[in-house]
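Enquirer: Under my numbering, think of the first position of the sequence shown as 3, with each following residue one higher.
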Amino acid sequence: MLHRLRVTVRQVTEETAGVVERWFESERDAEVWGGELGCGRRGWHGQGWLGNGNWRVTRMQMDEMGVCLSCGEKLVSIDIDPKETENFTASLTNLVRQREVEADFMQFQGWGLRQQSATNGCQGTARPERLV
Numbered sequence: 003m004l005h006r007l008r009v010t011v012r013q014v015t016e017e018t019a020g021v022v023e024r025w026f027e028s029e030r031d032a033e034v035w036g037g038e039l040g041c042g043r044r045g046w047h048g049q050g051w052l053g054n055g056n057w058r059v060t061r062m063q064m065d066e067m068g069v070c071l072s073c074g075e076k077l078v079s080i081d082i083d084p085k086e087t088e089n090f091t092a093s094l095t096n097l098v099r100q101r102e103v104e105a106d107f108m109q110f111q112g113w114g115l116r117q118q119s120a121t122n123g124c125q126g127t128a129r130p131e132r133l134v
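1. Does Trp113 pass the burial test, meaning 16 or more other C-beta atoms within 10 Å, or should it be called exposed?
2. By DSSP, does Met108 sit in helix, in strand, or in coil?
3. Between which two residues does the alpha helix (DSSP H) harbouring Val21 extend?
4. Grab me the residues of Arg24's own chain with a C-beta within less than 8 Å of its C-beta, minus the 5 sequence neighbours each way, in chain order.
5. Quick check on DSSP: helix, strand or coil for Val69?
6. Which residues in the same chain as Leu71 place their Cβ atom closer than 7 Å to its Cβ, once the five residues preceding and following it in sequence are excluded?
7. Which residues in the same chain have their Cβ closer than 8 Å to the Cβ of Phe110, if we skip the five residues on either side of it in sequence?
8. Would you please verify whether the beta carbon of Val69 is less than 9 Å from any beta carbon of chain D?
9. I'd like to check one pair, Val21 with Leu94: are the Cβ atoms closer than 9 Å?
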């Protein structure tokens, strides 16, 4: 999930980075992950297998080979199943909704739904004035 985010979104605003950091620092992340991660869904970052203890959130950079310039460990991806992905997404959505004005988020969500259903991903500029 985080790899997909990194590939899709090359840069985020400071505010968005803060939202993600606060989520990983919160107690809510433990509820979503449900404690121990199952076999095949673990990762290593020099701090132990994920799923044990609290996250350590640090801003860092990595080199071209995927080595963390903060701790010197090679980063690896974490394979999570669709249910875990859904829980993670729902939790981040709830956090954003708490932090932002509800109407603005709902408007953005509606806009996103309209954009995904547009032909070839393009939305026409003509809009009906009235539907009967």
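Every residue gets a Cβ at the ideal spot worked out from N, C-alpha and C, and that includes glycine.
Expert: Put simply:
1. Indexing the sequence shown from 1 puts residue 113 at position 111. Exposed, by the Cβ-count rule.
2. By 1-based counting over the sequence shown, the position of residue 108 is 106. Annotated three-state conformation of Met108 is helix, per DSSP.
3. Numbered from its first residue, the sequence shown carries residue 21 at position 19. Counted as a single uninterrupted DSSP element, the alpha helix (DSSP H) harbouring Val21 occupies residues Glu16 to Glu27.
4. The count along the sequence shown starts at 1 and reaches residue 24 at position 22. Around Arg24: Leu97.
5. The count along the sequence shown starts at 1 and reaches residue 69 at position 67. Three-state result, Val69: strand.
6. In the sequence shown, counting from the first residue as 1, residue 71 sits at position 69. Closer than 7 Å at Cβ, skipping near neighbours: Met62, Gln63, Met64 and Asp65.
7. For the purposes of this step, residue 110 is identified with residue 108 of the sequence shown, where counting begins at 1. Closer than 8 Å at Cβ, skipping near neighbours: no residue.
8. Included in the structure is just one protein chain, with no chain D present.
9. Counting from 1 along the sequence shown, the entry for residue 94 is found at position 92. Counting from 1 along the sequence shown, the entry for residue 21 is found at position 19. Between Leu94 and Val21, the C-beta gap is smaller than 9 Å, which places the two residues in contact.
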